[in-house]
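Residue numbers (full-length UniProt numbering), protein chains in the order written: chain A, 1 to 883; chain B, 1 to 883.
Quick reminder that beta carbons are idealized off the backbone N, C-alpha and C, glycines included.
Protein chains: 2
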Amino acid sequence: MASESEAQRALQYEQTLMYGRYTQDLGTFAKDEAARLRLQEGDTARPRHPSELLEYTQGRCGPCRVCALQCQRFLISKVGEDWVFLILLGLVMALVSWAMDFAIATCLQAQKWMYGGLDTNVLLQYMAWVTYPTVLITFSAGFTQILAPQAVGSGIPEMKTILRGVVLKEYLTLKTFVAKVIGLTCALGSGMPLGKEGPFVHIASMCAALLSRFLSLFGGFYENEARNIEMLAAACAVGVGCCFAAPIGGVLFSIEVTSTFFAVRNYWRGFFAATFSAFIFRVLAVWNKDEETITALFKTRFRLDFPFDLQELPAFAVIGIASGFGGALFVYLNRKIVQFMRRQKTINRFLMKKRLLFPALVTLIISTLTFPPGFGQFMAGQLTQKDTLVTLFDNQTWAKQGISDEFEYLGILEAWLHPRSNVFVTLVVFILMKFWMSALATTIPVPCGAFMPVFVIGAAFGRLVGESMAAWFPDGIHTDSNIYRIVPGGYAVVGAAALSGAVTHTVSTAVIVFELTGQISHILPVMIAVILANAVAQSLQPSLYDSIIRIKKLPYLPELGWGHQEKYNVRVEDIMVRDIRYVTLNCKYRDLQQVLHSTKMKNLPLVESAESMILLGSIERTQVGALLSNQLSPHRRLLTLRQKALSEDGHRLSDPSIRFQISTETSSGTPARPALRKPLKPALKRVSSSPADSPPAGSTDHTGIALKSLFCANATTEPTEAQGTAYQKAKRVRISIVEEMILGDKMTPTEILEWEEQQLDQLVDFSSAKIDPAPFQLVEHTSLHKTHTIFSLLGLDHAFVTSIGRLVGMVSLKELRKAIEGSLTGKGVKVRPPLASFRDSTASTTEADTTALHQLWDRHQHHHMPREAGPGGDDDDDTTKGQ
Amino acid sequence: MASESEAQRALQYEQTLMYGRYTQDLGTFAKDEAARLRLQEGDTARPRHPSELLEYTQGRCGPCRVCALQCQRFLISKVGEDWVFLILLGLVMALVSWAMDFAIATCLQAQKWMYGGLDTNVLLQYMAWVTYPTVLITFSAGFTQILAPQAVGSGIPEMKTILRGVVLKEYLTLKTFVAKVIGLTCALGSGMPLGKEGPFVHIASMCAALLSRFLSLFGGFYENEARNIEMLAAACAVGVGCCFAAPIGGVLFSIEVTSTFFAVRNYWRGFFAATFSAFIFRVLAVWNKDEETITALFKTRFRLDFPFDLQELPAFAVIGIASGFGGALFVYLNRKIVQFMRRQKTINRFLMKKRLLFPALVTLIISTLTFPPGFGQFMAGQLTQKDTLVTLFDNQTWAKQGISDEFEYLGILEAWLHPRSNVFVTLVVFILMKFWMSALATTIPVPCGAFMPVFVIGAAFGRLVGESMAAWFPDGIHTDSNIYRIVPGGYAVVGAAALSGAVTHTVSTAVIVFELTGQISHILPVMIAVILANAVAQSLQPSLYDSIIRIKKLPYLPELGWGHQEKYNVRVEDIMVRDIRYVTLNCKYRDLQQVLHSTKMKNLPLVESAESMILLGSIERTQVGALLSNQLSPHRRLLTLRQKALSEDGHRLSDPSIRFQISTETSSGTPARPALRKPLKPALKRVSSSPADSPPAGSTDHTGIALKSLFCANATTEPTEAQGTAYQKAKRVRISIVEEMILGDKMTPTEILEWEEQQLDQLVDFSSAKIDPAPFQLVEHTSLHKTHTIFSLLGLDHAFVTSIGRLVGMVSLKELRKAIEGSLTGKGVKVRPPLASFRDSTASTTEADTTALHQLWDRHQHHHMPREAGPGGDDDDDTTKGQ
């Protein structure tokens with residue numbers, strides 16, 4: 001988003017936090033910018049109309065032309081409205097989804113055709129069966145790797161991170177979009193147990209980002225970041241919605257998977273776009289004559305009048321609980337596979353060298369095992385994922401006892417029947433094999449999701465239970481006159497919802513299965529199973545997406561557990577970082593330099609003075625760097641030189657006096673400051689060996705030393721890459737000063753060094769810096785639970801901890817994460833962090849509270865009352881009372 | 001909640017805001033309190049077990065007893081877990097719902113029986129038909145009025161307000177619960193067009209509140225306020241869920257209706273409780289042999305294979321749009337009826353005198369019009385609401401052209417057939433009559449909702465469209481070989497969802513109809529219609545619940561409209577209150593007194609000094625009152641007297657000197673302060689006529705004057721009732737001092753007055769006050785949109801506006817509401833408030849920003865740099881640069 005970053009640069013303020021962002025300014029700027037762009041567009045891309053206007057306004061068609069132009073303008077203004085965007089998004093995604101489904105179906109058809117055509121020779125058949133997916137997967141992996149490695153995997157974890165406000169680079173670009181679409185088509189076309197849902201969430205988000213960039217050519221409405229986030233949330237719903245033709249389930253699933261707090265205000269966006277998208281997606285199927293009318297994707301035909309018996313409910317509950325354990329196991333297995341691959345260095349090194357070997361190998365193994373004439377005959381290997389689901393949701397009972405002879409396996413159902421074994425064996429083998437296959441296949445570096453494979457396994461498990469029940473109660477359980485046989489297909493639906501719910505930690509899979517099957521008659525069994533599965537899975541493992549977030553080390557905030565009572569015992573003061581660097585209002589440029597050297601924090605707190613520590617705002621690291629580089633800029637130096645030269649005659653005396661004044665300022669300040677800073681002693685560590693602390697009177701040194709100190713600072717402190725850029729720039733400027741000076745400046749390097757040292761000793765003028773005047777503040781006694789809520793509500797990255805206006809610490813996502821995970825793992829007694837044990841009850845904290853206030857108050861008394869006590873005594877007072 | 005309010009009193013801090021609340025302290029306190037209560041309980045209510053334990057521990061059964069006791073303890077500890085609470089809540093609500101349904105059905109049956117038994121005489125029939133509901137409604141109104149007037153109406157608006165964090169008194173008590181349950185049963189049993197849904201949300205919430213109070217007897221877990229709010233949110237879902245047996249729809253509907261931001265973390269609670277509740281609710285029906293197994297409440301049997309044709313979609317869209325207008329009209333009509341009744345003073349006075357006349361009158365009119373042999377024959381008057389819905393969702397087509405003779409109206413369907421008119425007339429009359437009847441009936445002061453009546457009207461409208469379509473295309477639209485006739489029942493489903501969605505501004509009515517009918521095949525038509533209806537209705541009128549909130553003048557925050565682009569143009573600085581009272585850290589008690597006199601604000605900002613205006617925290621009004629009353633307490637006075645008496649000999653001189661010091665402090669401070677306060681001149685208006693400003697040396701006056709000044713202050717300033725209580729208390733204390741003194745104190749009134757004046761001149765010691773150290777802060781440039789988001793996210797009531805740490809204003813819900821509604825009504829050009837026009841672009845605001853900073857910085861320079869410039873000059877500087 002070029003223009004957006006431009007806007008940010010212009011404002012010199014990066015928008016990453018919801019709170020305290022300059023959205024207003026950004027919005028205004030963006031509109032101006034867009035207006036400018038539109039004007040340019042009008043001049044270049046659409047030059048016809050203005051000229052025509054000029055030509056025709058006086059002619060006969062003049063009014064018509066003007067009218068047409070106004071219409072056009074009206075339409076363009078409409079482009080900025082939400083619903084236009086959402087309709088376009090839905091339309092595009094429906095087309096993409098349908099086209100991809102078509103391509104995937106063609107690919108799978110081709111494989112089937114090849115396999116069928118070579119039925120004379122098993123070896124050739126095997127070769128065709130194995131080579132085809134291997135080639136496709138390898139191509140997919142290679143293509144994605146080359147074009148955009150960000151396209152690998154599900155995309156839901158990344159979207160969750162992005163919606164939290166974190167900017168992931170290159171995740172929403174056209175390149176990634178192309179890589180994901182093509183890679184996913186190939187991957188799914190291979191027939192591997194991979195899913196489409198997760199990647200579709202990512203694809204829809206990219207589509208939304210691209211669309212908003214495209215539409216912003218017509219108006220500035222899409223430059224607003226808050227709005228873009230809202231649109232991304234809607235896009236996630238569209239992704240799920242058009243993948244399953246499940247608008248409601250899509251919205252709910254995307255909310256559950258990507259958000260922690262959801263604005264009901266944005267609810268309709270998701271519904272609107274997802275409904276439109278699902279509608280178009282299904283209409284395309286009708287127009288393509290695949291369907292007679294709009295119906296569900298995996299339509300079931302269970303009886304309506306008596307869907308299930310009350311006495312069957314325990315069986316559904318068993319499915320739920322077992323799915324919970326199964327889901328947790330799946331997540332565990334998936335993570336272990338990834339960790340194993342990473343840890344085994346020899347394997348890893350080998351695979352890293354030949355990046356495409358691992359996908360090919362995995363595909364080879366899986367496709368070998370599913371080869372229908374081979375082991376595949378015991379696990380319905382010839383069925384595609386879609387066919388498998390259709391058969392599993394089938395209305396018939398496969399294992400009718402006694403009457404199994406007369407039961408005809410129709411069409412694709414035959415795959416489940418093996419002449420030498422029975423349906424139960426096939427189902428068990430299918431479940432076991434697919435389980436590890438899916439867990440393994442989803443680790444392949446291609447765009448793929450795990451929802452669909454898990455869904456199929458769940459359906460198979462449900463079917464297994466259902467068939468067992470049908471075998472156990474051949475005439476149904478109901479004791480009345482009417483005989484209602486058990487419907488194993490219903491069990492399959494319940495199992496599918498339960499297992500996918502367990503893996504993703506969502507309840508909305510229930511809604512997805514209703515929309516997918518077009519029947520809601522099993523609502524209570526499905527809900528019961530899904531809730532039980534969630535209860536079990538959530539207490540054992542994180543969700544698959546959270547697991548991937550942790551594996552990928554993306555920034556995240558873990559959820560508080562189900563029973564989070566103990567979290568109330570931890571407070572911010574136990575987890576906050578007390579030793580933070582800060583910028584004071586009356587500091588010198590040298591202090592800024594030191595702060596930049598000593599911390600990596602992206603936002604520095606600005607306090608009134610080291611003594612009062614009253615938090616005034618926060619200033620960005622880049623801003624500090626800019627201040628510093630500006631102070632030492634050659635431009636300023638030349639200006640000073642010129643002024644000096646101009647006023648040399650009249651004011652010759654004043655110059656040294658000024659310098660003297662500054663140096664006394666420094667010398668008088670230096671001994672005083674450590675004492676002043678005592679209340680927060682470790683807050684600003686003074687690196688005494690720092691070159692900046694070298695005596696300012698060091699003008700006896702020569703150029704070599706000056707340069708050395710410049711470069712040494714560079715070499716010894718090693719500011720981290722990205723974060724140090726602003727300061728690096730400042731350095732570069734300084735170096736360029738040196739170069740410029742060498743080339744033709746009047747000042748000698750020694751003089752420059754001297755001048756710079758002088759400059760560093762000046763007080764900082766913050767008037768040109770952009771300061772966030774209201775950074776988020778917490779109190780020491782804020783509970784962990786509350787902190788977590790606020791962080792996830794506002795999408796915060798860090799918050800300052802204040803005590804009656806005084807800065808006492810900082811909490812960032814990292815500390816919060818550590819605290820939550822620490823207490824999550826150490827369930828029980830060891831929940832409280834070490835510091836918490838020093839605290840007893842309400843009384844003591846109130847005391848601490850009042851002490852802090854008292855201190856401030858005392859200080860004030862000293863200030864405003866008769867000033868007999870010198871500043872030294874004042875400080876001593878503070879020190880003794882300080883923490 | 002006695003113990004909670006006790007806790008609040010003990011902490012001297014009221015919990016109304018999520019942010020900055022002392023939940024931690026409260027939690028700790030509540031646990032201690034609960035432990036204490038439990039101990040008491042153990043001693044009194046359950047005295048058996050401890051005594052038994054003492055008896056048997058040495059005996060043979062000792063180990064068993066100990067084990068049993070441990071089991072009991074374990075169970076009691078489990079009581080604190082969320083799922084136990086949710087299961088209990090679900091169970092209780094299912095029982096309540098089922099019992100109420102049973103009672104209502106019995107009532108309706110009785111009416112039918114009476115009406116049927118008297119079919120020999122039309123007049124008697126009419127009397128029975130009319131009297132029965134009139135009596136029931138009048139009883140309901142009277143009963144509710146007497147027991148708990150809070151039980152009147154829907155309850156959803158109140159719950160929305162409560163979930164925002166506002167404490168409504170008496171809304172969640174046992175009395176209200178009883179009144180609501182009995183009142184609702186009678187009201188619905190009368191057969192009036194009233195609904196059960198809204199009141200059920202309220203009943204479930206009350207049930208949750210009562211349950212948590214009951215369970216807190218076993219442990220302190222339910223004392224946590226944040227948790228109670230979460231449980232209330234879940235209870236709302238349960239209310240809808242067990243009313244319609246619609247767990248998913250219930251959760252979504254309750255979220256849409258009551259929340260603005262929703263924590264996905266709490267999602268499962270709602271699902272869990274609502275599912276359990278719906279399950280039990282339906283199981284009860286099975287056990288009662290009403291149903292064979294668990295199915296939907298209004299089961300439909302539409303064909304699955306071809307639910308609707310693509311070409312029927314325009315008709316569904318028409319239903320959606322028409323429902324949107326209809327919904328808006330309903331809300332408008334409802335509001336107008338209420339306003340009309342209020343405005344007509346003569347009617348009003350008459351009705352107020354005879355409170356039960358209005359309900360009786362309305363019931364009389366409505367039941368007369370629905371009298372089946374009378375006008376009721378044209379509007380299926382004899383059908384109950386449930387029967388009406390069943391018939392409207394019926395699978396048959398009523399108006400089969402040409403074959404209408406052979407079509408048999410079966411059972412209750414007959415009601416729709418009139419021998420002298422056709423179905424269309426009946427439907428149109430039904431819709432028109434029910435529309436105003438429902439709008440009127442929902443204004444009756446009985447517990448009732450409007451969802452169900454609207455749902456029925458929507459279904460009738462859908463049916464009308466469906467029947468018209470069926471009449472238009474007798475053989476269906478599909479051009480293929482297969483003939484698929486149009487299903488008017490499907491249209492009824494769509495209409496019901498669309499109209500109820502339009503009235504309530506929700507999308508989740510779609511899910512509710514799927515769960516209610518047990519069929520999801522019409523998902524796309526329903527979604528399209530609901531979204532269109534919402535789009536139309538939301539642009540015309542607020543939702544019914546928001547409308548009621550406004551009528552009832554409950555605190556609320558209006559939603560930002562659909563296209564809220566223009567909101568970005570308004571900033572906090574345009575809407576904030578600049579003229580606020582504040583407390584400074586170095587103020588005197590006299591200043592506190594003045595502040596209390598001059599403002600009604602519940603939270604006062606505490607600033608460092610009037611000069612710096614750096615915000616340190618906020619202090620509650622009650623706290624200020626407590627400080628003041630403490631300072632002037634007779635206890636302190638007596639203590640002073642005693643100390644004086646003790647140290648009279650040695651320190652006789654020191655006392656006047658102290659007084660002198662204080663008085664010089666005042667006299668030196670008074671001329672300086674106005675100048676100091678100039679930057680925010682109107683911030684603290686000094687009421688010069690205030691008795692507190694009378695010269696402190698006024699000891700020449702006598703007792704009469706002292707008392708007069710005390711009581712005059714009371715009489716002239718008239719502090720508002722509830723808000724002034726703390727100060728009133730302080731006054732009362734002072735009065736009691738006077739009284740006590742008269743009775744037997746050693747001091748004369750003059751001395752007391754003198755002493756009090758002295759005390760008022762002392763500096764305030766804030767160490768005993770509870771200060772919220774991090775009140776919520778906004779920046780001047782925060783946009784209205786962002787402010788709205790933050791207010792609704794955190795449930796704020798007010799926020800202070802700061803500029804680089806300096807307090808510059810305050811925004812409360814009121815200002816925000818005014819700003820939003822101002823810009824909502826004045827759509828178009830007049831959106832910007834007057835002040836906004838003075839502001840141009842980004843550049844100028846940045847300037848203002850830096851100016852403010854500069855000012856602070858300058859001040860600092862002056863303070864910490866050589867102090868040549870006196871404080872006067874400093875202040876002048878500030879003044880010239882001030883706003």
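query, result
"Excluding sequence positions up to five away, which residues of its chain have a Cβ less than 8 Å from the Cβ of B:Ser97?", "Phe200, Cys242, Cys243, Ser277, Phe281"
"Quick test of your reading: B:Leu627 and B:Ala769, contact by CB under 8 Å. State the CB separation rounded to the nearest angstrom.", "6 Å"
"So for B:Leu172, helix, strand or coil by DSSP?", "coil"
"Would you kindly work out how many angstroms separate the C-alpha atoms of B:Arg355 and B:Arg342, rounded to a whole number?", "13 Å"
"Within 10 Å of its beta-carbon, does B:Lys588 have 16 or more other beta-carbons around it, so buried, or fewer, so exposed?", "buried"
"Going by alpha carbons, who is nearest to A:Ser254 out of A:Ile512, A:Leu329, A:Ile531?", "A:Ile512"
"Which residues in chain A have a C-beta closer than 9 Å to the C-beta of B:Gln125? List them in chain order.", "Ordered by position in chain A, no residue passes the 9 Å Cβ test against B:Gln125, which lies about 37 Å from the chain."
"In chain order, which beta strand (DSSP E) runs of at least 3 residues are fully inside the stretch 542-600 of chain B?", "none"
"Have a look at the DSSP bridge pairing and note the partners of A:Val779.", "A:Thr802"
"Step through the CB atoms of chain B and report whether any lies within less than 8 Å of the CB of A:Trp268.", "yes"
"Does B:Gln723 have its Cβ less than 8 Å from a Cβ in chain A?", "Here B:Gln723 scores only 41 on pLDDT, less than 50, and its place in the model should not be relied on; the value that follows carries that caveat. Closer than 8 Å: no."
"Please decide whether B:Ala141 counts as near chain A, where near means a Cβ-Cβ distance under 8 Å.", "no"
"With a cut-off of 8 Å, does the C-beta of B:Ala263 fall near any C-beta of chain A?", "yes"
"Quick check on the burial criterion: 16 or more other C-beta atoms within 10 angstroms. Buried or exposed for A:Cys67?", "exposed"
"Would B:Leu188 pass as an interface residue toward chain A - the criterion being a Cβ-Cβ separation below 8 Å?", "no"
"Within 8 Å, do at least three Cβ pairs link the stretch 84-101 of chain A to the stretch 265-279 of chain A?", "yes"
"Decide if the stretch 117-133 of chain A is in contact with the stretch 294-309 of chain A; the criterion is three or more beta carbon pairs, one per stretch, under 8 Å apart.", "no"
"Nearest CA to the CA of A:Pro605: which residue from A:Leu413, A:Arg621, A:Arg590, A:Ser598?", "A:Arg621"
"Buried or exposed: A:Met469, going by 16 or more other Cβ atoms within 10 Å of its Cβ?", "buried"
"By the DSSP assignment, the beta strand (DSSP E) with B:Val264 in it spans what residues?", "Neither: B:Val264 is in no beta strand (DSSP E) and is coded neither H nor E."
"Less than 8 Å between CB atoms is the rule here; does A:Val507 satisfy it with respect to chain B?", "yes"
"With the cut-off set at 8 Å, would you say B:Ile531 and B:Phe316 are in Cβ contact?", "no"
"Hey, could you find the ends of the beta strand (DSSP E) residue 889 of chain B is sitting in?", "Residue 889 of chain B is absent from the structure shown; chain B starts at 1 and stops at 883."
"Which of the residues in the stretch 239-261 of chain B, read from start to end, lie with their CB under 7 Å from any CB of chain A?", "Pro247, Ile248, Ile255, Glu256, Ser259, Thr260, Phe261"
"Closer than 6 Å by C-beta to B:Gly402: which residues in its own chain qualify, once you throw out the five before and the five after it? Chain order, please.", "Low confidence applies to B:Gly402: its pLDDT is 44, below 50, so where it sits in the model is not reliable enough to give any reading."
"Taking the beta strand (DSSP E) that A:Gly617 belongs to, which residues open and close that run?", "615-620"
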